[in-house]
Amino acid sequence: MAWHSLPIDEVLRRLESSPEGLSEEEALKRLSKYGYNEIVREKRIT
Numbered sequence: 001m002a003w004h005s006l007p008i009d010e011v012l013r014r015l016e017s018s019p020e021g022l023s024e025e026e027a028l029k030r031l032s033k034y035g036y037n038e039i040v041r042e043k044r045i046t
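Numbering (the numbering used here) for the sequence shown: 1 to 46.
This is the structure in structure tokens:
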């Protein structure tokens, strides 16, 4: 998805968000569903 090329209102619609952001309730619901926004690094083979 080329998110950078979409109009802002379309991005917000697809992400089910708003210019004000998520409500605390919605943020907690998404945190429970998707987890923290973290990148897990795999161990490198040396």
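Don't be surprised by glycine CBs; every beta carbon is placed ideally from N, CA and C.
If you draw a straight line from the alpha carbon of asparagine 37 to that of arginine 13, how long is it in whole angstroms?
Distance between the alpha carbons of asparagine 37 and arginine 13 is about 20 Å.
Are alanine 27 and glycine 35 close, meaning C-beta to C-beta below 9 Å?
Going by C-beta atoms, alanine 27 is not nearer than 9 Å to glycine 35.
What is the DSSP secondary structure of leucine 43, reduced to helix, strand or coil?
It is worth fixing the name first, because residue 43 is lysine in this sequence and not leucine. Coil.
Residues of its chain near serine 18, where Cβ-Cβ distance is below 7 Å and the 5 sequence neighbours each way are ignored:
Once the five neighbours on either side are set aside, the close Cβ partners of serine 18 are Leu12.
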